[in-house]
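*Asks:* Chains as they are written, first to last, in my numbering: chain C, 716 to 971; chain E, -14 to 292.
The beta carbon of each residue, even a glycine, is placed where N, CA and C say it ideally should be.
Since we're looking at a predicted model, the values are computed, not measured.
Would you mind keeping the following structure in view while I ask a few things?
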């Protein structure tokens, strides 16, 4: 337990001492600031696009942007861009330690392999949570300036569901990183898994009872629909715990 | 007294390759023990099993009486380990890494600070503020020895600790190892014979995954390889060399100018007959010197042409 706490402290220091502190938080800050602005200017952009293309008879009718559009833009960017960045950036969490030889040096000291896996996942969850909170607050602030300060509770729920989905992928990447053993391979498998989940989210039973239901649930909440996210959330938590347990079990059996 | 390390018929198979083939040895507590062998003999595999990084196919590896495979946490608490190519977090500094390593062992506070200062000094990294990513291989190796010592381990295991070092770096590391004699058990693998001769009191020679010889270094040098005798004469060297080669107590004789070196199987006969042979030819004897076999002689004899 002592070794675990020390290793977790190292992971947190590593986040603030390397590129990791910049990538995810900056992406979330970026989409937090730009999503409301993009939502605001999108109708004008499309109108000017139609005019500049010389299609004089073309009429594009777009309703005036509203607060929900800003938040939907944020969730779209978070799901399509940031989630892929999360998958790629955490793909080497164990594989890189093995490749660089740091795992062999650290794991001959009193810290367990399970401790290493759990510390890696926890530290990434903390980074993800901080980035999500920062991006969400900025988006609420900019949206309030550009539109108004409504739908905050709905948007917070959507952001929380996105965090649950991203946290699940961090756990899944721990397993893939251990199982595949290379950062590139794990990243590729992670993106493939994301695509599978996206396809499953279009199928009713999967959307109702599996983590696939977390995809798009936030959008429906922002749009004012009633969404039951209990089973998708519980299944995501269960799958994350299983993934971390499987990663630890597998790592304990590997030779370094 | 419990042995520091005990290998019992340790075997490790990778596919069709037997990296270890029933290796058996005992390292007494307090020894500075050299683990000698040519490249590919199985030294690193043995150390990786002892450190809990790999599992044997069969056999046992025990550290202070505990199974190195099953009691991994308890074993790790007692050992300091330096792998052959140590990997570091490049964003850390040397003192930061030593503090991190110390805290993993539960060392903290003034004791940790005192050890960090002392080990930085010992490894020649005091005052180096560059991050580890910018270190030379030699600096990394010296930091590796330092981090292995941070917990004041009962057993220090070093895999080829001097292979990446320049002569001064080698001397520093070997001096560090010598200074630990009597305080800690040191088990280090190497293929550099002079390092073993310089600091070890006991040595095991590993060849093709088997321990082919395990003995105190003095005993090892007096066994196996033949003693040699050097004869220097003032004249008629070719005839003397020819006659010496025909004597029943000699092995191969090599002449270089007026110096003849013969392997001998019976020292007493050599002492008695050499002056007689030289006098019989009415040649002038300048000197006769018995040459002890070097560790290299013994090593080459044990591992054949694979060294």
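1) When you compare only the Cα positions, how much space is there between residue 116 of chain E and residue 737 of chain C?
2) So which residues on chain C does residue 73 of chain E lean against when the C-beta distance must stay under 9 angstroms?
3) Quick check for students: name the residue ranges of the beta strand (DSSP E) that lie wholly in the region 67 to 148 of chain E, counting only runs of 3 or more.
4) By alpha-carbon positions, which one of E:-5, E:263, E:14 ends up nearest to residue 271 of chain E?
5) Taking Cβ-Cβ distances shorter than 9 angstroms, what residues in chain E pair up with residue 903 of chain C?
6) Quick one: what's got a C-beta closer than 7 angstroms to residue 777 of chain C's C-beta in the same chain, skipping five residues either side?
7) Can the beta-carbon of residue 172 of chain E be found closer than 8 angstroms to that of residue 54 of chain E?
8) From residue 719 of chain C to residue 67 of chain E, what distance separates their C-alpha atoms?
9) Using a cut-off of 7 angstroms between C-beta atoms, extract the partners of residue 725 of chain C located in chain E.
10) For residue 947 of chain C and chain E, any beta-carbon pair shorter than 8 angstroms?
11) Under 7 angstroms Cβ-Cβ, which residues of chain E neighbour residue 892 of chain C?
12) If contacts are defined as beta-carbon pairs under 8 angstroms, then residue 123 of chain E and residue 151 of chain E qualify, I think. What distance do you get, rounded to the angstrom?
13) Report, in whole angstroms, the separation of the C-beta atoms of residue 958 of chain C and residue 887 of chain C, which I expect to be a contact under 8 angstroms.
14) Please list, in chain order, the chain C residues whose beta carbon lies closer than 8 angstroms to that of residue 58 of chain E.
15) Can you name the residues that DSSP bridges to residue 190 of chain E?
16) Rounded to whole angstroms, what is the Cα-Cα separation between residue 837 of chain C and residue 114 of chain E?
17) Check whether the region 940 to 957 of chain C and the region 922 to 932 of chain C touch, using three or more Cβ-Cβ pairs below 8 angstroms as the test.
18) Residues in the same chain with beta-carbon distance under 8 angstroms from residue 840 of chain C, minus the five sequence neighbours each way, listed in chain order, please.
19) I want to know whether the region 186 to 201 of chain E touches the region 229 to 238 of chain E - three or more CB-CB distances under 8 angstroms.
20) Can you tell me where the beta strand (DSSP E) with residue 6 of chain E in it begins and where it stops?
21) Report the neighbours of residue 122 of chain E on chain C: residues whose CB is nearer than 9 angstroms to its CB, in chain order.
22) Can you tell which of E:130, E:94, E:119 has the C-alpha that lies nearest to the C-alpha of residue 106 of chain E?
23) Using a Cβ-Cβ cut-off of 8 angstroms, state whether residue 971 of chain C counts as contacting chain E.
24) Is the Cβ of residue -9 of chain E closer than 8 angstroms to any Cβ of chain C?
25) Measuring only the C-alpha atoms, how far is residue 75 of chain E from residue 242 of chain E?
26) Examine chain C for any beta-carbon lying closer than 8 angstroms to the beta-carbon of residue 0 of chain E, and answer yes or no.
27) Any beta carbon of chain C sitting closer than 8 angstroms to that of residue 88 of chain E?
28) Below 7 angstroms on C-beta distance, what does residue 36 of chain E contact in chain C?
29) Over the uninterrupted alpha helix (DSSP H) stretch that includes residue 884 of chain C, give me the two end residues.
30) Run through DSSP, which three-state label would residue 31 of chain E get?
31) Whole-angstrom Cβ separation of residue 59 of chain E and residue 90 of chain E, contact assumed at under 8 angstroms?
32) Please classify residue 877 of chain C as buried or exposed, where buried requires at least 16 neighbouring CB atoms within 10 angstroms.
33) By DSSP, does residue 759 of chain C sit in helix, in strand, or in coil?
34) Is residue 288 of chain E helix, strand or coil by DSSP?
35) Taking all protein chains shown into account, decide if residue 860 of chain C is buried (16 or more other Cβ within 10 angstroms of its Cβ) or exposed.
36) Considering only the beta carbon of each residue, do residue 807 of chain C and residue 898 of chain C sit closer than 8 angstroms?
*Replies:* On the basis of the coordinates in this document:
1) 20 angstroms
2) 815, 816, 817, 820
3) 140 to 144
4) E:263
5) By Cβ distance, chain E contributes nothing, its closest Cβ being about 24 angstroms from residue 903 of chain C, past 9 angstroms.
6) 758, 761
7) no
8) 21 angstroms
9) 85
10) no
11) Neighbours of residue 892 of chain C on chain E: none; closest Cβ ~16 angstroms, over 7 angstroms.
12) 6 angstroms
13) 5 angstroms
14) 825, 827
15) E:21, E:198
16) 30 angstroms
17) yes
18) 882, 885
19) no
20) 2 to 12
21) Going along chain C, no residue has its Cβ under 9 angstroms from residue 122 of chain E, so there is no contact; the nearest lies around 13 angstroms.
22) E:130
23) yes
24) no
25) 57 angstroms
26) no
27) yes
28) 823
29) 867 to 895
30) helix
31) Wrong, their Cβ atoms sit about 13 angstroms apart, outside the cutoff.
32) buried
33) helix
34) helix
35) exposed
36) yes
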